[in-house]
Each structure stands twice: as structure tokens, then as C-alpha cells.
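According to full-length UniProt numbering, the residues represented by the sequence shown are 1 to 376, in order. Encoded as C-alpha cells, the structure appears first; notes follow it.
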Amino acid sequence: MKYICMACNKEYAPKPELIKCECGSALWVKPQTSFSKKDLIENEFTPRRYSSAFPIKKDDINITFNEAITPLCQAEISGTPVLVKLDSLQPTGSFKDRGASLVINYLNNHGITSIAEDSSGNGGSAYAGYAAKGNMQCNIFVPAGTSKGKTTQTRLYGANCIEIEGTREDVALAAIESSVTHGSHYVGHNWHPLFIEGVKSIAYEIWEQCGYKAPDNFVVPVGNGSLLAGAYVGFSELLKGGEISKLPRLFGIQTENIQPFVQTFNNKEINITSENTIAEGIKIKRSSRMNEIVQFVKETDGNFISVSEQQIQSALKEMGAQGYFIEPTSATAFAGIAQLIKTQEIKPDELTVGVVTGNGLKATNSIEHLINDMRG
């Protein structure tokens, strides 16, 4: 395994403390693998089923909850059938477990016993849960006002959960400064190369669940973009392995108030006038991997679009009426699907997958307020 910077092409040998290039850009695991049916580990029904494609091999993945492959279910959005990937059923309740699992196992194998992370909530609870399983000391920094469901969960795992006033960027700075001061390892999921490698397992699961083929469209909410990045890497490896004939179109959905990916994709200056949104998980002004992820989406003929707060609320209600209790950030993806159907970027006869990135139980207070507002 090697790390590579896609901005300057500099390569590095991995080290536990290394997550950023000297030029300041994010690092990636250097592409070197393909994946095909022959690489599946039979009679293994956790993400370790795909561990031959991971930088960490199966026998070195010892910190685990025996995570299940998450369901792919059916729903309708605006009368159009879609498939719903329930990553809200991960052990700590979000897709972030995929990345946190791999990072924690890597660090454990190198004798690391203390970590620091910044998060809008789900990344922190994922790291806290796996750190608890691995007997690691854990400090999680979150924005002040983060949903109590997420901070309570993080604290129950035994982590120190520190709420920081200011922007999401201020939270990241506090985590980095703390790691230096207290001698812990900063494992920011927005920076760590192995986090993306863990997330890519979602592509393998969907490929199998769709009958060993890729969907036409893959739609997710986007803050820093780790889910889009992981899916792109995973589907690309399936393409290299000859298992799919083309990449799915990747669609990233943001809010009207905070849409840096949308603006960058359309060659516009990033302009954020308000940080108010019910989609707290994607309140990110600029991603550490923005340029690369924008190129990934362009390569697949996908798109970035924004949706309004009202559209998010409507999607939350529409999904709830079908039995899906999802957090508002996840509803952003399904609001985006409705918009893409309306503009005919997604056709009714196409196979479309939307991802429930986080469980609604993490945001019951905000959802309750929305329900009351809907009732008038």
C-alpha cells in the first residue's frame, strides 16, 4: 500500500500520523486493485467479505461488531421506484462506520491507543464506538448545538465529547490542536486515506444486491463527500475487474444555503450566505477532497444539485410515510432524487439507489419540531 496526492502526484509510505500531503492536499490510497467475483470471500457476510480489496487484510481486522451487509430496499419517490440502501443500520447508525472500522483497525495494528476526531456528529459517534470496542481513548470535537442523540451516543461509548462554538472549520482546528497538545492521533474522517477505503465497500454490496451489476444512478447527500468518493473508488475497481460495463452516474445533493460542490462543479465562486439548514451533517463550507470528487462526478456524467429546506422536509415526510425513519441529512438525498426525476435527469425505467446515511433516532428533536411544523 502507498499513499498518493492527486494534486502533486507525490507518493508516501503510510504511517499512522500521515494523513496530508506536504502541499496541503488530501492523500489517497494509490489505486492498484481491481475487484471481481473471484475475490469474494465465501461464507463471510460482513464487509470483510470484500477484504481482499482492502489495504488491511481479513486477519488484521480484529476490532469488529460483525457488521452486517446493510439492506437494499424498495421505495417510491414522486411515484418512481427507487432502491434505498439502509446504512442507518450500521452498528453506530450511519455509513461512517465503514470508514471508521478500517481506520481504527489500522491504528490498533500500529499500537495507537488515543485518537482525536472532528465531526458534525455521525463520524464522531462512529469513531467513538469502534474506539470503545478497541479500548482506545477517544476525544470527539463537534459543533455546539449538535443533535443530542449524537452527542449522547458518543459520550455513552466513553469518549470525551467537546462542543465547540463557531464554524465546522473551527471544530476541525480544535481537534487538530488538541491532538498535538495531548499526544493523540488526529484521525479526521475528512482527511484519512483509509476512511475512503472503508467506505468503498458500499459499492461492492450494492453491486451484489443488484444482481452483480451497477445501478444507473447513485444519489447521496454531500458534505465533505467521503461517501461519493468511496463509492467511486469501489465501482471503479469493479469496472477494472470486468464486473460492470460502466460506472453509475454519481449525484451529490446539497442544501440551497450551503452548496460549495454545486458551485465548484458549475465553475462558480463559492458563496455561502447562511449556514442555517436542518441537514446538520452536511454543513461544510469546503471539502478537503473537493477538486478530486468533482472530477469523479464529471467522469460519470453525474451532477451536483441543491434542494431547499422545504424539499428536504417533504422528502423526510414522504420517506417516513413508507416506514423509513431517517435523519434530515439523509432526506436531502431523496429530495434530490425527486428534483432529478422532475428535471428528467433520472428516468423512471432506470435503476436508482439512494442512501440513508444516518438513522432518524439520532435527530429526534429536530424531526419532532418538523412534524409539529407540518401539522401547523
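Here a beta-carbon is modelled for each residue, glycine too, at the ideal position from N, C-alpha and C.
As assigned by DSSP and simplified to three states, the class of L18:
The residue you call residue 18 lines up with position 18 of the sequence shown. Coil.
Count the other CB atoms within 10 Å of the CB of T329; is the residue buried (16 or more) or exposed (fewer)?
Taking the sequence shown and counting its residues from 1, one reaches residue 329 at position 329. With 16 or more other CB atoms across the displayed protein chains lying within 10 angstroms of its CB, T329 is buried.
Compare the Cα-Cα distances from S308 to each of K57, G93, I278 and report the closest residue.
As a position in the sequence shown, residue 308 is number 308, starting the count at 1. Among K57, G93, I278, the Cα nearest to that of S308 belongs to I278.
Where the alpha helix (DSSP H) through P221 begins and ends
Reading the sequence shown from its first residue, position 221 is the one you call residue 221. For P221, there is no enclosing alpha helix (DSSP H); the enclosing beta strand (DSSP E) has its first and last residue at 217–221.
Three-state secondary structure assigned by DSSP to Q263:
Position 263 of the sequence shown, counting from 1, holds the residue named residue 263. Secondary structure of Q263 (DSSP, three-state): helix.
Could you spell out the range, first to last residue, of the beta strand (DSSP E) harbouring I69?
Position 69 of the sequence shown, counted from the first residue, corresponds to residue 69. I69 -> no beta strand (DSSP E), and no H or E assigned at all.
Sort F251, S287, L239, M1 by Cα distance to P260 and report the nearest one.
As a first step, residue 260 is located in the sequence shown; it is residue number 260 there, counting from the start. Distance from the Cα of P260 is smallest, within the candidate group F251, S287, L239, M1, for S287.
Classify D118 as helix, strand or coil using the three-state DSSP reduction.
Indexing the sequence shown from 1 puts residue 118 at position 118. Strand.
Pick from G211, N276, K20: whose alpha carbon is nearest that of Q310?
Walking along the sequence shown from the start, residue 310 turns up at place 310. A check of alpha carbon separations from Q310 across G211, N276, K20 identifies N276 as the nearest.
Who are the Cβ neighbours of E205 in its own chain at under 6 Å, not counting the five residues just before and after it?
Position 205 of the sequence shown, counting from 1, holds the residue named residue 205. Only I69 meet the Cβ criterion.
Would you kindly report the start and end of the unbroken alpha helix (DSSP H) that includes P193?
The sequence position of residue 193 within the sequence shown is 193, counting from 1. For P193, the uninterrupted alpha helix (DSSP H) segment begins and ends at 193–199.
In terms of alpha-carbon separation, which member of T167, A131, K58 lies closest to T154?
Along the sequence shown, read from residue 1 onward, the residue named residue 154 stands at position 154. Between T154 and the set T167, A131, K58, the nearest pair of CA atoms involves A131.
Opening and closing residue of the alpha helix (DSSP H) in which R98 lies
For the purposes of this step, residue 98 is taken as residue 98 along the sequence shown, with counting starting at 1. According to the DSSP assignment, R98 belongs to the alpha helix (DSSP H) that extends over 96–109.
Q254 - DSSP class collapsed to helix/strand/coil
Position 254 of the sequence shown, counted from the first residue, corresponds to residue 254. Looking at Q254 - three-state DSSP - the assignment turns out to be strand.
Beta-bridge partners of G358, as assigned by DSSP:
Mapped onto the sequence shown, residue 358 falls at position 358. Partner(s): S94.
What residue from S120, F141, M136, E117 has the CA that sits closest to H110's CA?
Here residue 110 is taken as the residue at index 110 of the sequence shown, counted from 1. Comparing Cα positions, the closest option is M136.
Tell me where the beta strand (DSSP E) around T80 begins and ends.
Within the sequence shown, residue 80 is the residue found at index 80, counting from 1. Counting along the chain, the unbroken beta strand (DSSP E) around T80 starts and ends at 80–86.
L72 beta carbon less than 9 Å from that of residue 386
In the structure displayed, the chain extends from 1 to 376; residue 386 sits before or after that span and is not available.
Alpha-carbon to alpha-carbon, I367 and G360
Counting from 1 along the sequence shown, the entry for residue 360 is found at position 360. Counting from 1 along the sequence shown, the entry for residue 367 is found at position 367. Looking at the two C-alpha atoms, the distance is approximately 8 Å.
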